[in-house]
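S.K.: Let me begin by handing over the structure; questions about it come next.
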Amino acid sequence: KQEVTQIPAALSVPEGENLVLNCSFTDSAIYNLQWFRQDPGKGLTSLLLIQSSQREQTSGRLNASLDKSSGRSTLYIAASQPGDSATYLCAVRDPLYDSWGKLQFGAGTQVVVTP
Amino acid sequence: GAGVSQTPSNKVTEKGKYVELRCDPISGHTALYWYRQSLGQGPEFLIYFQGTGAADDSGLPNDRFFAVRPEGSVSTLKIQRTERGDSAVYLCASSFGQGRGYTFGSGTRLTVV
Numbered sequence: 277k278q279e280v281t282q283i284p285a286a287l288s289v290p291e292g293e294n295l296v297l298n299c300s301f302t303d304s305a306i307y308n309l310q311w312f313r314q315d316p317g318k319g320l321t322s323l324l325l326i327q328s329s330q331r332e333q334t335s336g337r338l339n340a341s342l343d344k345s346s347g348r349s350t351l352y353i354a355a356s357q358p359g360d361s362a363t364y365l366c367a368v369r370d371p372l373y374d375s376w377g378k379l380q381f382g383a384g385t386q387v388v389v390t391p
Numbered sequence: 154g155a156g157v158s159q160t161p162s163n164k165v166t167e168k169g170k171y172v173e174l175r176c177d178p179i180s181g182h183t184a185l186y187w188y189r190q191s192l193g194q195g196p197e198f199l200i201y202f203q204g205t206g207a208a209d210d211s212g213l214p215n216d217r218f219f220a221v222r223p224e225g226s227v228s229t230l231k232i233q234r235t236e237r238g239d240s241a242v243y244l245c246a247s248s249f250g251q252g253r254g255y256t257f258g259s260g261t262r263l264t265v266v
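Protein chains in written order, with our numbering: chain A, 277 to 391; chain B, 154 to 266.
Right under this line is the structure:
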């Protein structure tokens, strides 16, 4: 069964620093990997989706890389701002276990950006 | 609607009671998913609907949990004889089909006391 792990569980950085969030998965045969943001009491907002054939995706200050062979993805957030404070979750869609588009999530990294 | 709507946003119920959680997906989205998120964990899959039928209910923890989507739009998650361990945030998501363009609702926080 696919296992998704996110390290660290929590991270606090001063404003302006770059954020590096890690996600690892045990089975490299994935369709895609998504990064989500979750604010307290809110649902999940999709940030970036990387297809299995891609190495990275970028959107504004966000860049996500994917290395399927090593089972890793990294989310980089440049020049962090207090508004980036949230929990960041990665999720994989795994064809071996999930035929219907269902996702397997990590537990998330809780980020606090201090002014 | 513009987004996925879930009601109620919060529900407190007594142990042993029956609860219904509602999800109103984005218009035109044929795929609908229910997930459950316990404190400090990522969401876990419960059930997937394609149209009116439950294509995959392998994530439902036991037979106290049931979900319907009678007209292929609104879905209701039903929990019988609630237990304290059922306390969690229940998230609904819809997509164009099989995981394309996921949109999550804000969730229903269920507390069983």
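Glycine included, every Cβ here is placed at the ideal spot set by N, Cα and C.
Establish whether the CB of Trp-376(A) and some CB of chain B are separated by less than 8 Å.
M.R.: Counted from its first residue, the first sequence places residue 376(A) at position 100. With 8 Å as the cut-off, Trp-376(A) counts as an interface residue toward chain B.
S.K.: Taking the alpha-carbon of Phe-257(B) as reference, which of Val-289(A), Asp-315(A), Ala-305(A), Leu-320(A) has the nearest alpha-carbon?
M.R.: Your numbering for residue 257(B) matches position 104 in the second sequence. The option with the nearest alpha carbon to Phe-257(B) is Leu-320(A).
S.K.: Grab me the residues of Pro-252(A)'s own chain with a C-beta within less than 7 Å of its C-beta, minus the 5 sequence neighbours each way, in chain order.
M.R.: No information on residue 252(A) is available, as it lies outside the stretch 277 to 391 that chain A covers here.
S.K.: Short check: CB of Gly-225(B) to CB of Leu-244(B), under 8 Å?
M.R.: Your numbering for residue 225(B) matches position 72 in the second sequence. Your numbering for residue 244(B) matches position 91 in the second sequence. It is not a contact, given that the beta carbons lie outside the stated cut-off.
S.K.: Between the Cα of Leu-325(A) and those of Asn-294(A), Gln-314(A), Gln-278(A), Ala-340(A), spot the shortest distance and give me the residue it belongs to.
M.R.: Residue mapping note: residue 325(A) aligns to position 49 of the first sequence, counting from 1. Nearest option by C-alpha distance: Ala-340(A).
S.K.: Using a Cβ-Cβ distance cut-off of 8 Å, determine whether Ser-349(A) contacts chain B.
M.R.: Against the first sequence, residue 349(A) aligns to sequence position 73. Closer than 8 Å: no.
S.K.: On the DSSP letters alone, give me the boundaries of the beta strand (DSSP E) that Gly-206(B) sits inside.
M.R.: By one-based count along the second sequence, residue 206(B) stands at place 53. Element bounds for Gly-206(B): 206 to 209.
S.K.: Quick one: is Ser-361(A) near chain B, going by C-beta distance under 8 Å?
M.R.: Counting from 1 along the first sequence, the entry for residue 361(A) is found at position 85. Chain B, which has no Cβ nearer than 8 Å to the Cβ of Ser-361(A), makes this no.
S.K.: Assuming Ala-184(B) is part of the beta strand (DSSP E), what are its boundary residues?
M.R.: Looking up residue 184(B) in the second sequence gives position 31. 184 to 190 is the span of the beta strand (DSSP E), which, as asked, contains Ala-184(B).
S.K.: Buried or exposed for Leu-199(B), please, with buried defined as at least 16 other CB atoms from any protein chain shown within 10 angstroms of its CB.
M.R.: Locating residue 199(B) in the second sequence gives position 46, counting from the first residue. That one is buried.
S.K.: Measuring straight from C-alpha to C-alpha, what distance separates Ser-329(A) and Lys-168(B)?
M.R.: Mapped onto the first sequence, residue 329(A) falls at position 53. Mapped onto the second sequence, residue 168(B) falls at position 15. Answer to the nearest angstrom: the Cα atoms are 48 Å apart.
S.K.: At a Cβ threshold of 8 Å, is Ser-322(A) touching chain B?
M.R.: By 1-based counting over the first sequence, the position of residue 322(A) is 46. So yes, Ser-322(A) belongs to the interface.
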